[in-house]
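> Here you go, one structure.
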Amino acid sequence: MEIEYTLSRTDYIEFQLFAATKSETIRKSRRKARSRLPIIYLILGTILLVLADKVFSILFYLIGVLWYLLYPTLSKKRYLRYYEKYADENFKNRFDTLIKVSFPDDQELIETVDLEGESKFKTSQIEKIFEINRFFYIKMKSGSHLIIPKYKIENIDKLREELTMISETKNLKLETNLEIDFSDN
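As structure tokens, then:
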């Protein structure tokens with residue numbers, strides 16, 4: 012099977028957002044950032060309640076709770092801006108360039124041809140295959156990824172079948188979560 016597609020700026024940004032959701036380091040960092048400031052405000056509010064003014068104490072409690080509740084929205088926007096800049100800086104020469112991917116019948120290699128040249132990935136070096144709403148992401152053991160936009164592929168069922176066969180023959184995990192969609196950012 013052979014497919015051809017291009018990746019837009021948005022595709023690269025969506026991949027970066029997806030990768031961030033899979034990064035344990037980023038998830039820990041977000042949890043800490045979400046709770047650190049509210050804890051400080053709650054401690055200060057308690058000190059003010061005991062030592063001084065109830066009005067300022069309530070204000071500090073309110074700020075702490077609001078921060079905790081609003082942090083997911085604020086951090087989402089911050090991460091989106093960061094990954095937009097990252098994509099513009101690192102992938103700008105790759106936007107909308109043709110990519111050809113072929114899956115030979117023996118299921119031992121995945122061959123890609125793009126602007127930079129030709130690559131061959133041994134299917135034994137695939138760590139995981141992810142399927143989300145608009146993409147397939149093939150993660151290699153080396154940490155690199157192959158991004159395949161489902162919405163730009165004509166015969167998506169045949170591609171899904173090909174990736175399922177690879178995952179079964181290589182005993183790989185095919186992780187499907189069709190609810191993940193970053194396109195509304």
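Residue numbers (our numbering): 12 to 196.
No residue lacks a Cβ here, since even glycine has one placed at the ideal position from N, Cα and C.
(1) Determine which residues share a DSSP beta bridge with residue 175 and list them.
(2) Quick check on DSSP: helix, strand or coil for residue 155?
(3) In three-state terms, what does DSSP make of residue 108?
(4) Quick one: what's got a C-beta closer than 7 Å to residue 107's C-beta in the same chain, skipping five residues either side?
(5) I believe residue 185 touches residue 174 by the beta-carbon criterion, under 8 Å. Please report the beta-carbon distance rounded to the nearest angstrom.
(6) With distances taken Cα to Cα, identify the nearest neighbour of residue 152 among 33, 163, 133 and 127.
(7) Whole angstroms are fine: how far does the CA of residue 29 sit from the CA of residue 206?
(8) Are the segment 40-53 and the segment 120-140 touching, with three or more C-beta to C-beta distances below 8 Å?
(9) Which first and last residues belong to the beta strand (DSSP E) in which residue 130 is found?
(10) Quick test of your reading: residue 112 and residue 14, contact by CB under 8 Å. State the CB separation rounded to the nearest angstrom.
(11) Please work out which residues of its chain come closer than 7 Å, Cβ to Cβ, to residue 55, disregarding the five sequence neighbours upstream and downstream, and give them in chain order.
(12) Closest to residue 75 by C-alpha separation, out of 167, 127, 32 and 49, would be which residue?
(13) What number of angstroms, rounded off, separates the C-alpha of residue 202 from the C-alpha of residue 73?
(14) Identify the continuous beta strand (DSSP E) that holds residue 137 and give its terminal residues.
(15) If we call anything under 8 Å between Cβ atoms a contact, is residue 148 one with residue 158?
(16) Under 7 Å Cβ to Cβ from residue 181, same chain only, skipping five residues before and after it: list those, please.
(17) Could you tell me the boundaries of the alpha helix (DSSP H) in which residue 35 lies?
Result, derived from the coordinates:
(1) Numbered from its first residue, the sequence shown carries residue 175 at position 164. DSSP output for residue 175 lists no bridge partner at all.
(2) Counting from one through the sequence shown, the residue named residue 155 turns up at place 144. In the structure shown, residue 155 sits in coil (DSSP, three-state: anything other than H, G, I, E or B).
(3) Position 97 of the sequence shown, counted from the start, is the residue given in the question as residue 108. Residue state, collapsed to three classes: coil.
(4) Your numbering for residue 107 matches position 96 in the sequence shown. If we look at residue 107 and ignore the five residues flanking it on each side, its Cβ neighbours are 17 and 19.
(5) For the purposes of this step, residue 185 is identified with residue 174 of the sequence shown, where counting begins at 1. For the purposes of this step, residue 174 is identified with residue 163 of the sequence shown, where counting begins at 1. Between residue 174 and residue 185 the Cβ distance is about 7 Å, and since that is below 8 Å, they are a contact.
(6) If you number the sequence shown from 1, residue 152 lands on position 141. Comparing alpha carbon positions, the residue from 33, 163, 133 and 127 closest to residue 152 is 133.
(7) In the structure displayed, the chain extends from 12 to 196; residue 206 sits before or after that span and is not available.
(8) Touching, no.
(9) Looking up residue 130 in the sequence shown gives position 119. Per DSSP, residue 130 is one residue of the beta strand (DSSP E) stretching across 128-133.
(10) Translated into the one-based positions of the sequence shown, residue 112 becomes position 101. Translated into the one-based positions of the sequence shown, residue 14 becomes position 3. Contact flag correct, Cβ pair sits at about 5 Å.
(11) Within the sequence shown, numbered from 1, the residue matching residue 55 stands at position 44. The answer, listed in chain order, is 71.
(12) Numbered from 1 along the sequence shown, position 64 holds the residue referred to as residue 75. The shortest Cα separation from residue 75 among 167, 127, 32 and 49 belongs to 49.
(13) The structure shown has nothing for residue 202, since the chain only spans 12 to 196.
(14) Counting from 1 along the sequence shown, the entry for residue 137 is found at position 126. 137-143 is the extent of the beta strand (DSSP E) around residue 137.
(15) Counting from 1 along the sequence shown, the entry for residue 148 is found at position 137. Counting from 1 along the sequence shown, the entry for residue 158 is found at position 147. The Cβ atoms of residue 148 and residue 158 sit closer than 8 Å to each other.
(16) Position 170 of the sequence shown, counted from the first residue, corresponds to residue 181. Cβ within range, chain order: 134, 135 and 137.
(17) As a position in the sequence shown, residue 35 is number 24, starting the count at 1. In the DSSP assignment, residue 35 falls within the alpha helix (DSSP H) that extends over 35-62.
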